[in-house]
Amino acid sequence: MAVSAPISACPACVAAPGAEDLAAARDAKGARILLSMPGVHCAACISTVERDLARHPGVGSARVNLTLKRVSVEADASVTPEALIERLDKLGYEALELDPGVLSMTETDRQGRDLLMRLGVAFFAMMNVMLLSVAVWSGAEDATRDLFHWVSAAIALPTVAFSGQPFFRSAWAALRARRLGMDVPISLALILASGISVYETIHSGHHAYFDAAVMLTFFLLGGRYLDFRTRAIARSAAQELAALEVPRAQRLMDTGEETVNVVDLQPGDLVRVRPGGRVPVDGVVTDGTTEIDRSLLTGESLPAWAGPDTVVSAGEVNLTGPLVVRVTAAGKDSSLHRMADLVAVAESARTRYTSLADRAARAYSPLVHVLAFSAFLVWLWISQGDVRLAVNIAAAVLIITCPCALGLAVPAVVTAASGKLFRKGLLIKNGTALERLAEVDTVVFDKTGTLTLGAPEPTNLADHPREALQVAAALAGASAHPLSQALAQGARAAGVHPAKVDDLREVPGYGVEGRWRGQIVRFGRAGWVGATPRDVTATYLAIGDAAPRAFTFADRLRPGAADVVEKLTAQGKHVMLLSGDVPGAVSELAQRLGIADWRAEALPQDKAALIMDMSAAGRRVLMVGDGLNDTAALAAAHVSVSPASALDAARVASDIVLLGRDIAPISEAVRIAEKSTRRIRENFAISGLYNVVAVPIALLGFATPLAAALAMSLSSITVSLNALRLK
Amino acid sequence: MEILGYLIPISLFLGGLGLAAFVWALRSQQFDDPEGDSHRILADDYDDVPRA
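From first to last, the protein sequence lines are chains A and B.
With our numbering applied, the first sequence covers 1 to 727.
With our numbering applied, the second sequence covers 1001 to 1052.
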């Protein structure tokens, strides 16, 4: 059944190459700008955004799409996306540039429209055939009945042939693979019902199942369309995330600098990495000193020093000074790709999850075929060779058992649930993720970037005299280093005005130096200012020859972190903290959040191995992580979540992406997942109940087209209503 | 019952009109942003002057 088919395992992989081709095409045209706006949600937003953008010089028109949370702008080549983003930022809307190429509406939209068209045609035919059928049910006879049957046939046959194509195609594919999917009995029922009805009509029979055939097509297509929409929204949001990152590098040539795609780099090339930029390749530093942030790769929250001959890996972030890196490995050989191999291994080890719908279909398909066929044989024997009667009853059995409700049961619930979660900022990437999320009993969190934001905040400002604070604030203000920025911000918030410091100079990789009241003042790494380093994140201030002072920092908690841990514990889940950082930092955070079970200095392999051990011990693990070091663990877990700020590889490996900064929706998601799985089971029970009542009637030969129509629509409507009850 | 000879074609024709309208709406991208359109109809931005 279609519900269980996974979304492309790696939406980014599909999207990325297109990104580059089409970026070039757009540069030439420069007409259409596409922005993602996660914050638009209301009627007022639409007019505010559209009116404001239209006022921007050079903008022709702007249109907000609220369903996809995007705005597309027609503008002259002179208008840059950055200018528009800034404009929207002033209005209070966060906006991100999207590559229109990646999001080419073509394929997905074409499919959606195609399905909707078939659904519309089936609806039209169902209504008309139903009108004619009402006349037959109320007792039209002889020539009138035959006329009505002929008109019904003229409407129903083309409709089944056109609207039923998705089922026929997938049934054919299933048969060729020697499987019996849900679509095989559906197709068989459609063909048999239409065939027997035509035969009956030609021979002026009493019963024709044209109405049942069209109704079946309509209800099942409805389920198929819901399913498609849920996935299309998930896919387009996943593509948005991918479109935000086009891997580029600045290559140094004899003739100057040029921007190239990372895949085109060769070992031995020199690339420049700007402060604040991500290192695109594995390599060795040849020029420049700086500090680098390895948290995404290793989970360490403390920046490391880097200078000539330091080995750097793809994915690390350069913090202070410009670097020139000689490439040792790019593309397939880089550590990023080795990590991807680790993911592949973990994924093949993941026990294949069979969705509820699949399990239902597996039990259901053979049963239906056996029932229909034995009904045929038994009636052939009872009636002593009346093939027409036997085929009629077999067709009635197939139609009555046909899984209208089964086909709607899962898509309706999944659509309701993922719509709800999407509004809370959670994007379900995988069709079975909800069901797996419902089974979770253990939650493992990564630390840096997941429970914390990876952004430091000063912790001991109060321990220092005001004068030292003023000097530190002045020095910190001169640097773009995250620790400096955090300190400058903290000092400002505490009402400290920076002292007047002259000759300010940043020494990349070490710190900031200046002159204050004739004394040399330094603010930076322990070794450089002459202090003994502590085991927590800290920078040091030296004023003249006085003993250096330490400013300590703690990672800022992600909003909702305390809340999510508390709620998950209250739900009876085992919560665990698993980090690659030093024990000091990890235990401190575990204490702050009340997590009893924590482990520090875990290598990527350790993390994955630990998760696999837990799974082997029968636990269902939810892994929440963002770094490259979590990627293998994310893939190994029963179900996984990563924040939108995570590396592409981590997002690809996880089933659910957290779009906002707040992590609290995760506990809510677990609750909704449990609820929706319960609804799915209820829906199966409901449609099972209908079958228990209806099948004996069909087997005994009492099923009329009217009974079939009633059973089908009643069960479909009950199931859809039950799905909407989801809160 | 001769009236059926007229009524059936008429009802089919009317239904067909509905289907044609649906196909037209689908082709002119009116199903692309159902959520936005439900809000847009309430906005009074272009009540006096139609959108250019």
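Cβ coordinates follow ideal geometry from the N, Cα and C atoms, glycine included.
Keep in mind the model is a prediction, meaning the values are calculated, not measured.
Think of a sphere of 8 Å around the beta carbon of M117(A): the chain B residues whose beta carbon falls inside it are V1023, L1026, in chain order. Judged by DSSP in its simplified three-state form, Y540(A) adopts strand. Rounded to whole angstroms, A632(A) and A644(A) show a C-alpha spacing of 17 Å. Take A561(A), set aside five residues on each side of it, and the residues of its chain with a beta-carbon closer than 7 Å to its own are L451, L593, I663, in chain order.
Ranked by Cα distance from R661(A), the first of R558(A), V512(A), P533(A), A153(A) is R558(A). DSSP places G449(A) in no alpha helix (DSSP H); its state is neither H nor E.
Q250(A) carries a strand assignment under DSSP once its states are collapsed to helix, strand and coil. Around the C-beta of M37(A), 16 or more other C-beta atoms lie within 10 Å, and the residue is accordingly described as buried. Under a 10 Å Cβ-count criterion, M576(A) is classified as buried, with 16 or more other Cβ atoms of the shown protein chains found around its own Cβ. Every beta strand (DSSP E) of 3 residues or more that sits fully in the segment 541-623 of chain A is shown, in chain order, as 549-557, 574-578, 597-599.
The C-beta of W379(A) has 16 or more other C-beta atoms within 10 Å across all chains shown, which makes the residue buried. Non-local beta-carbon contacts of T48(A) in its own chain, meaning distances under 8 Å to residues more than five positions away in sequence, involve L91 in chain order. For the 9 Å CB-CB criterion, W528(A) and A474(A) do not form a contact. One alpha carbon belongs to A173(A), the other to A357(A), and they sit about 19 Å apart.
When secondary structure is reduced to three states using DSSP, L180(A) falls in the coil class, being assigned neither helix nor strand.
Under the Cβ criterion of 9 Å, I1010(B) is not counted among the residues facing chain A.
The DSSP assignment places complete alpha helix (DSSP H) segments of no fewer than 4 residues inside the segment 41-95 of chain A at 43-55, 81-91, in order along the chain. Annotation note: the segment 641-682 of chain A contains the following uninterrupted beta strand (DSSP E) runs of length 3 or greater, listed N- to C-terminal: 656-658. Residue-level contact by beta carbon holds for R113(A) and chain B, with a gap shorter than 9 Å.
Exclusion of the five residues before and after L180(A) leaves S365 as the residues of its chain whose Cβ lies within less than 6 Å of its Cβ.
The three-state secondary structure of L367(A), taken from DSSP, is helix. By the Cβ neighbour-count rule, A685(A) is exposed, with fewer than 16 other Cβ atoms within 10 Å of its own.
Listed along the chain, the chain A residues whose CB falls inside 9 Å of the CB of L1042(B) are A43.
Here S479(A) carries a coil assignment [DSSP, helix/strand/coil]. Here A357(A) carries a helix assignment [DSSP, helix/strand/coil].
Straight-line measurement puts the Cα of I233(A) at about 48 Å from the Cα of A140(A). Interface annotation, V582(A): not in contact with chain B, CB-CB separation never under 9 Å. By the neighbour-count definition (other C-beta atoms within 10 Å, threshold 16), H481(A) is a buried residue. The beta carbon of A711(A) sits closer than 7 Å to the beta carbons of I400, Y690, A694 from its chain, once the five residues preceding and following it are set aside; these are given in chain order. Within chain A, no C-beta atom comes less than 8 Å from the C-beta of L1017(B); the nearest is roughly 10 Å away. Going by DSSP, L427(A) is part of the beta strand (DSSP E) stretching over 426-428. Here the segment 201-208 of chain A makes no contact with the segment 116-123 of chain A; the two share fewer than three CB pairs at distances below 8 Å.
DSSP places S1011(B) in the helix class (H, G or I) of the three-state scheme. Contacts with chain B (Cβ-Cβ distance below 8 Å) from the segment 65-96 of chain A involve N65, L66, T67, L68, listed in chain order. Where F523(A) is concerned, the enclosing beta strand (DSSP E) starts and stops at 519-524. L724(A) sits in a helix when the DSSP states are folded into three classes.
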